[in-house]
Amino acid sequence: MLMSQLYAPTLRETPSEAELVSHQLMLRAGLMRRSASGMYTFLPLGLRVIRKVEQIIREEMNAIMGQEVLMPIVQPAEIWQESGRWDEYGDEMFRLKDRNGRQFCLGPTHEELITALVRSEVRSYRQLPLRLYQIQNKYRDEIRPRFGLMRGREFIMKDMYSFDKDEEGLDASYWAAYHAYERIFKRCGVEARPVEADSGAIGGDVTHEFMVLAEAGEDSVLHCLKCGYAANVERAEGVDRKLPAPNGEKQPLQEVATPQVSTIAQVCAFLNKEPQDCIKTLIYLADGRPVAALVRGDHNLNEIKLRKFLNCDVLELADEDTIVRITGAPVGFAGPVGLDVPLYADYAVKYILNAVVGANKQDAHLINANLDRDFQVTEFADLREVQPGDPCPRCGDALEGARGIEVGQVFKLGTKYSKAMGATFLQENGVETPFVMGCYGIGVGRTVAAVIEKNHDADGIIWPISIAPYHVIIVPVSVKDPAQTEAAYKLYQELQAAGIEVVLDDRDERPGVKFKDADLIGFPIRVTIGPKSLEKGEMELVIRRTKEVRSLPVGSILAAIREILEGGEQE
RNA sequence: CGGGGCGUGGCGCAGUUUGGCUAGCGCGCCUGCCUUGGGAGCAGGAGGCCGGAGGUUCAAAUCCUCUCGCCCCGACCA
Numbered sequence: 007m008l009m010s011q012l013y014a015p016t017l018r019e020t021p022s023e024a025e026l027v028s029h030q031l032m033l034r035a036g037l038m039r040r041s042a043s044g045m046y047t048f049l050p051l052g053l054r055v056i057r058k059v060e061q062i063i064r065e066e067m068n069a070i071m072g073q074e075v076l077m078p079i080v081q082p083a084e085i086w087q088e089s090g091r092w093d094e095y096g097d098e099m100f101r102l103k104d105r106n107g108r109q110f111c112l113g114p115t116h117e118e119l120i121t122a123l124v125r126s127e128v129r130s131y132r133q134l135p136l137r138l139y140q141i142q143n144k145y146r147d148e149i150r151p152r153f154g155l156m157r158g159r160e161f162i163m164k165d166m167y168s169f170d171k172d173e174e175g176l177d178a179s180y181w182a183a184y185h186a187y188e189r190i191f192k193r194c195g196v197e198a199r200p201v202e203a204d205s206g207a208i209g210g211d212v213t214h215e216f217m218v219l220a221e222a223g224e225d226s227v228l229h230c231l232k233c234g235y236a237a238n239v240e241r242a243e244g245v246d247r248k249l250p251a252p253n254g255e256k257q258p259l260q261e262v263a264t265p266q267v268s269t270i271a272q273v274c275a276f277l278n279k280e281p282q283d284c285i286k287t288l289i290y291l292a293d294g295r296p297v298a299a300l301v302r303g304d305h306n307l308n309e310i311k312l313r314k315f316l317n318c319d320v321l322e323l324a325d326e327d328t329i330v331r332i333t334g335a336p337v338g339f340a341g342p343v344g345l346d347v348p349l350y351a352d353y354a355v356k357y358i359l360n361a362v363v364g365a366n367k368q369d370a371h372l373i374n375a376n377l378d379r380d381f382q383v384t385e386f387a388d389l390r391e392v393q394p395g396d397p398c399p400r401c402g403d404a405l406e407g408a409r410g411i412e413v414g415q416v417f418k419l420g421t422k423y424s425k426a427m428g429a430t431f432l433q434e435n436g437v438e439t440p441f442v443m444g445c446y447g448i449g450v451g452r453t454v455a456a457v458i459e460k461n462h463d464a465d466g467i468i469w470p471i472s473i474a475p476y477h478v479i480i481v482p483v484s485v486k487d488p489a490q491t492e493a494a495y496k497l498y499q500e501l502q503a504a505g506i507e508v509v510l511d512d513r514d515e516r517p518g519v520k521f522k523d524a525d526l527i528g529f530p531i532r533v534t535i536g537p538k539s540l541e542k543g544e545m546e547l548v549i550r551r552t553k554e555v556r557s558l559p560v561g562s563i564l565a566a567i568r569e570i571l572e573g574g575e576q577e
């Protein structure tokens with residue numbers, strides 16, 4: 007490809023719409039342009055990268071007996087009503103009607119469609135396992151699209167669905183996908199760490215997310231350097247340290263006036279206490295029923311854990327009126343003493359001696375509140391959000407915290423969808439049985455964004471060879487010099503003939519401009535052809551990642567490039 | 001949805017508070033000269049109904065009302 011003809015509009019300045027480095031660079035390098043909030047047009051360079059990632063995914067999916075299909079974007083409402091998710095999905099689903107008023111949605115995912123397909127076609131255990139995948143645009147009307155491809159409303163996703171006859175089969179499918187994912191991300195030149203995760207709206211119990219650890223990540227991850235335990239903060243288990251009951255002296259319970267003092271930080275400052283001496287009392291409505299959740303003052307409640315523990319569908323913080331009704335005080339003064347709703351407490355609450363709690367009375371707190379003597383807890387559970395430094399639930403070592411970009415997730419769905427939608431087959435013994443399903447997603451665009459987050463410098467993107475839009479750019483310093491131009495075209499043709507993806511920068515620009523563009527776009531290898539070296543019969547081979555310059559005889563350039571490409575030297 | 005901010009040429013911005021003459025600047029773009037090892041220089045040029053609608057006024061980018069879009073924080077989220 008000639009640079010003069012390549013549609014790659016690079017920008018000198020950073021568009022103000024972009025916050026993240028990956029987003030900025032994708033715009034500046036001319037990989038894509040925004041068409042609406044959370045929706046992007048891929049330009050030639052961007053599309054080449056996307057296609058390369060897709061191809062790697064294809065190869066690895068095919069290698070684990072995956073078969074590619076392509077399902078429509080527009081899906082009928084009926085199948086979503088069957089699974090119950092038509093209502094569950096809420097505003098996040100793009101909905102539309104056809105001319106006859108029939109309802110459809112733009113598929114946010116494809117479990118329903120694939121299940122509906124397979125249930126009418128697959129009748130026997132002999133046809134299992136079946137692993138189908140597709141690479142398709144998906145649509146979610148995100149509350150807040152942001153960070154370019156990181157959280158779009160339209161995004162490209164690979165999803166595979168597995169159908170097995172039993173748990174054992176599902177287990178095999180699950181781990182096959184898990185290991186394929188390890189290979190995929192490695193091949194894309196980025197380290198993605200599997201972490202235990204929550205399954206969210208998809209359902210199912212066993213699930214791992216593949217996280218690229220990066221500051222820009224939207225997820226919090228806890229991991230243990232000693233034993234390798236890693237989990238999303240949504241999932242990370244808190245442990246009951248099983249300490250002996252606190253053995254200090256219990257002071258008499260006492261009410262203190264705390265005018266205008268309601269947050270933990272304010273209370274601590276006012277009473278000269280530490281947050282871990284406090285108990286935070288949160289009033290929730292669980293399917294409309296009020297409950298109180300207690301956590302230590304320096305801890306955060308994990309709502310996912312509380313919802314699971316209470317086994318409720320809707321869990322929300324109580325509104326102000328409810329809080330006044332239940333506690334007798336405005337927000338900020340709730341406490342467990344004398345509170346007449348079920349009290350669920352995180353394990354850590356057990357070990358607080360002489361706690362500071364709200365008095366259930368405006369502008370007042372209680373000090374020296376003690377479990378059993380002053381209040382009873384309905385049940386203790388793991389309810390808090392695990393923090394860095396907390397003990398690892400497997401080995402007890404201190405957990406490290408990190409941010410992560412979720413590039414993929416694997417789920418064991420079990421029979422949630424097959425049961426709801428009546429997708430069954432006949433077992434060997436003739437019994438009609440629902441499929442045991444799994445699903446496995448990879449965000450293609452998000453993976454590209456994550457790769458850039460991890461592979462860039464002040465000058466631009468540094469593509470891993472495996473997904474670089476082109477491998478090599480040839481830059482003659484001046485196209486006015488016939489010797490340079492001739493040498494450049496000759497090398498260009500030689501590389502093309504050798505199957506190397508190459509761009510020739512034939513623009514009549516000053517060298518600085520061409521170098522800057524080459525660095526910004528991130529070609530792994532640059533060949534500079536200048537008058538000085540050319541006189542000596544040499545060209546310069548520049549490695550993008552290291553900026554290393556090698557002056558080589560013209561005749562050995564091809565071999566040197568081949569070696570780099572095949573050796574994966576860049577990666 | 002709550003809070004904050006922004007819409008002025010392709011990109012980045014000034015001008016808006018305190019209405020006033022032809023709406024500016026840098027980058028990019030076009031033409032010519034010149035230049036060619038890290039985003040050169042000179043000269044000339046194109047390109048903007050100031051997001052949109054309505055209103056106030058002799059006069060609106062600027063004031064008022066409504067509206068659309070975008071970004072950030074939060075809640076939310078395979």
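Using this note's numbering, read the first sequence as starting at 7 and increasing by one per residue. Every residue gets a Cβ at the ideal spot worked out from N, C-alpha and C, and that includes glycine.
Asked: Is it the case that the Cβ atoms of R532 and V548 are separated by a distance below 8 Å?; Found: yes
Asked: Report the option in A298, S562 and Y46 whose CA atom is closest to the CA atom of I162.; Found: Y46
Asked: Can you name, in chain order, every residue of its own chain whose Cβ lies under 8 Å from the Cβ of E406, other than the five neighbours on each side?; Found: L228, H229, C230, L231 and P394
Asked: Near S205, which residues of its chain fall below 7 Å by C-beta distance, leaving aside the five closest residues on each side in sequence?; Found: D211, T213 and F417
Asked: Compare the C-alpha of D396 against each of Y353, K367 and F381 and name the closest.; Found: Y353
Asked: Count the other C-beta atoms from every protein chain shown that fall within 10 angstroms of the C-beta of Y13, then say buried if there are 16 or more, exposed otherwise.; Found: exposed
Asked: If you draw a straight line from the alpha carbon of L345 to that of Q81, how long is it in whole angstroms?; Found: 49 Å
Asked: Which two residues bound the contiguous beta strand (DSSP E) that contains P82?; Found: V80 to P82
Asked: Starting from G449, trace the beta strand (DSSP E) both ways and give me its first and last residue.; Found: V442 to G449
Asked: Is it the case that the Cβ atoms of R390 and G244 are separated by a distance below 8 Å?; Found: yes
Asked: Taking the alpha helix (DSSP H) that G518 falls in, what are its first and last residues?; Found: P517 to I527
Asked: Under the rule that 16 or more other beta-carbon atoms within 10 Å means buried, what is L510, buried or exposed?; Found: buried
Asked: Okay, do the region 50-58 and the region 107-115 touch, 3+ Cβ pairs below 8 Å being the bar?; Found: no
Asked: So, is R150 buried or exposed, given that buried needs 16 or more other C-beta atoms within 10 angstroms?; Found: exposed
Asked: Go ahead and pull the three-state DSSP assignment for H371.; Found: strand
Asked: How many angstroms separate the CA atom of W469 from the CA atom of M156?; Found: 18 Å
Asked: Given G536, which residues of its chain have a CB within under 6 Å of its CB, disregarding the five upstream and five downstream residues?; Found: V483
Asked: Name the two residues that bound the continuous beta strand (DSSP E) containing F386.; Found: E385 to A387
Asked: As a quick exercise: from S43, G195, D172 and R105, pick the residue whose alpha carbon is nearest that of E459.; Found: G195
Asked: List in chain order: all unbroken alpha helix (DSSP H) runs of 4+ residues lying wholly within the region 166-204.; Found: 173-193
Asked: According to DSSP, simplified to helix, strand and coil, what is M32?; Found: helix
Asked: For V355 and G341, which I take to be in contact (beta-carbon distance under 8 Å), what is that distance rounded to the nearest angstrom?; Found: Not quite, the Cβ-Cβ distance comes to about 12 Å (not below 8 Å), so this is no contact.
Asked: By the DSSP assignment, the alpha helix (DSSP H) with F315 in it spans what residues?; Found: E309 to L316
Asked: If I measure Cβ to Cβ from H29 and keep anything under 6 Å in the same chain, skipping five residues before and after, which residues do I get?; Found: F153 and G154
Asked: When DSSP labels each residue in this structure, what does N461 get in the three-state scheme?; Found: coil
Asked: In whole angstroms, give me the CA-to-CA distance for E385 and L321.; Found: 18 Å
Asked: What three-state label does DSSP hand F100 in the structure shown?; Found: coil
Asked: From the DSSP output, read off the bridge partner residues of D283.; Found: None; D283 has no bridge partner.
Asked: Measuring alpha carbon to alpha carbon, tell me which residue in R40, E280 and K171 is nearest I373.; Found: E280
Asked: Considering only their Cβ atoms, is the gap separating A182 from F191 smaller than 8 Å?; Found: no
Asked: Have a look at G96, Q11, R159 and L76 and flag the residue whose alpha-carbon is nearest the alpha-carbon of S41.; Found: R159
Asked: Going straight from the alpha carbon of G52 to that of Q282, what length do you get?; Found: 50 Å
Asked: With DSSP as the reference, identify every bridge partner of S226, one or two as the case may be.; Found: R409
Asked: Where do the N-terminal and C-terminal ends of the beta strand (DSSP E) with S10 fall, by residue?; Found: Note, S10: premise wrong, no beta strand (DSSP E); not H, not E.
Asked: Using beta-carbon positions only, say whether G528 and I570 come within less than 8 Å of one another.; Found: no
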